Structure formats: structure tokens, C-alpha cells
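Protein chains in written order, with this note's numbering: chain W, 497 to 744; chain Y, 107 to 122.
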């Protein structure tokens, strides 16, 4: 592992937390103002009766919006823009949706099992028209288990950066450089967990989340391919170009 | 590069 001074770790924590807050799409205060308003039954039914392809398109648009914020987050992480452009693309292609899932716990209401979506809080039943009940259940379960860790914004920021800077992604050209950066971020995460007096198990729990995230993302890709096989023209003409670049 | 045109563009835009 690289030797990093305490001052350097503090600086990294500061930079990454700031980047996270500047790019997190919704501030906690804003979410509170939305007053955790849930969709009413007839609104839920309206989503459920949308044609499958319309609901897919809506979700693709929402995911793409969230991903644009993650790209901004990545750009502000110390060292990310110093990587070669191939590796920047590789890391974002593999990790941006994972970070969206991590960030989801900020807009998730564990008590009601709802997530902020399209203006209100939505339960899994809102997404029924997608025809991916198993994936939706897993995404909600993941958000719930992330919430149960009660991470602070600092911890969430560093964990997001750790996920994004995964050195084991395929097709990296300068793996060693990514590895160094990820190790530094891990040290900063450990530093913050220690400072916040979190119990020892939290880091291990977060490590388990990394494999859960990979599984969620590969299942998203599978569902997309199945959808595309039936509706190739909808994907080609109606899905956001960035979404197609990332998952096509 | 052509394959990831938008991502390239987003990365090149200066951070606001």
C-alpha cells in the first residue's frame, strides 16, 4: 500500500466529500422538503398501466440523469482526470451505475420501502410495467441494506469513489495507477470510519456491497438485452444516447 | 473514441 500522510488523507477526504456534495443531485434538505410524499394508488396504477417500452424509456432517462451527476463526481476526484482517457471511460462504463445504486440510499425511505422517483416516493409496485420484478426487488433490498449502515455523507462519498476507482475492471491500460488511487481512497475511507468511531465490521460490510453491486449491474445488462431483443427500434430511437453508450 | 462520443464530451467539458 502507498504511504500517505495524515494530512494527505484529510485532504483527500475533504476533496471527495466536497465533490460528492456538489454532484449528489439532491441535497438532504431538498429531500426533506419533498416531505417523503408517496404516490397515491391511482398514480401507482397509472405507472403500472404504461406500456412496457414507455416505462423502460422513462427509467432509462432517470438513470441517465443520475449518471451525468456521477460523471461530474468522477471528474472532481483527485487523480481521476490524470488517468488516461481509456481508463476514465472504462471506469465510468463499469462503475457509474454502481455509484447510482450506492447513492440511492440517500433517496430511499426504509420504513416505507420507497425511493424518490419522478417527483414522489415510489414502492417497487410502481415499476411493475418494466417486467423485471426480481431485479427491482433486489435493487430495493440493496438500498435498504445500504441504509441500515447509516453512512454519513463523508463515508458515502468515499465509498462511492472507492467503487468508481475499482482497479480490477477489465480493459484498464494503467491498472497500477488506478490501484494506487483506489488504495489511497480506501485508506481515506478507513481514516474517516475510525474518526467517526464506527465499529470494525463496517468496512467488511462495505466490501460485501461491492460484489452485490456487480451482480445488480450485470442483471441490469441482462434485462436490457432481453428488452432490446424485443424492442430494438425503441432502444435505438428513444433511449438516451449516453445510456446506449454505457450499456449498449 | 467514436463509440463513446458523449462520455468523451462530458469528460472534456470543464467542471462547472
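Even for Gly, the Cβ is constructed at its ideal location relative to N, Cα and C. Please read all numbers here as calculations on a predicted model, not as lab measurements.
For residue i, the residue or residues it bridges with in DSSP
| i | result |
| --- | --- |
| residue 483(W) | This structure cannot settle anything about residue 483(W), because the visible part of chain W is limited to 497 through 744. |
Simplified DSSP assignment, three categories, for residue i
| i | result |
| --- | --- |
| residue 582(W) | helix |
| residue 534(W) | strand |
| residue 545(W) | coil |
| residue 565(W) | helix |
| residue 706(W) | helix |
| residue 501(W) | coil |
| residue 697(W) | helix |
| residue 555(W) | helix |
| residue 513(W) | helix |
| residue 506(W) | helix |
| residue 560(W) | helix |
| residue 742(W) | helix |
| residue 686(W) | helix |
| residue 523(W) | coil |
| residue 112(Y) | helix |
| residue 573(W) | coil |
Status (buried if at least 16 other CB within 10 Å, exposed otherwise) for residue i
| i | result |
| --- | --- |
| residue 552(W) | buried |
| residue 583(W) | buried |
| residue 516(W) | buried |
| residue 682(W) | buried |
| residue 748(W) | Outside the shown range of chain W (497 to 744) lies residue 748(W), about which nothing can therefore be said. |
| residue 695(W) | exposed |
| residue 632(W) | buried |
| residue 741(W) | buried |
| residue 523(W) | exposed |
| residue 530(W) | exposed |
| residue 662(W) | buried |
| residue 722(W) | exposed |
| residue 544(W) | exposed |
| residue 115(Y) | exposed |
| residue 693(W) | exposed |
| residue 519(W) | buried |
| residue 110(Y) | buried |
| residue 600(W) | buried |
| residue 690(W) | exposed |
| residue 656(W) | buried |
Interface flag, residue i vs chain C, CB-CB below 8 Å
| i | result |
| --- | --- |
| residue 677(W) | The structure shown has no chain C; the protein chains it does contain are W and Y. |
Proximity test, residue i beta-carbon vs the ligand MN heavy atom, cut-off 7 Å
| i | result |
| --- | --- |
| residue 713(W) | Absence of the ligand MN from the depicted structure is noted, as is the absence of any ligand whatsoever, leaving it without description. |
Every unbroken beta strand (DSSP E) within the segment 591-676 of chain W, with a cutoff of 3 residues, ordered by chain
610-613, 616-618
Which full runs of the alpha helix (DSSP H) of 4+ residues lie inside the segment 708-736 of chain W, going along the chain?
728-734
Would the segment 578-595 of chain W count as touching the segment 536-550 of chain W if we require 3 or more Cβ pairs under 8 Å?
no
Check whether the segment 667-676 of chain W and the segment 570-589 of chain W are in contact - that is, three or more C-beta pairs closer than 8 Å.
yes
Below 8 Å, how does it come out for the segment 682-702 of chain W and the segment 644-654 of chain W: are there three or more Cβ pairs, yes or no?
yes
Between the segment 556-567 of chain W and the segment 727-743 of chain W, are three or more C-beta pairs nearer than 8 Å?
yes
Any 3 or more C-beta pairs closer than 8 Å across the segment 559-574 of chain W and the segment 633-645 of chain W:
no
Inspect the CB distances between the segment 677-693 of chain W and the segment 503-515 of chain W and report whether three or more fall short of 8 Å.
yes
For the 8 Å Cβ check, are there 3 or more pairs between the segment 602-611 of chain W and the segment 720-734 of chain W?
no
Using 8 Å as the Cβ pair cut-off and three pairs as the minimum, do the segment 563-582 of chain W and the segment 509-526 of chain W touch?
yes
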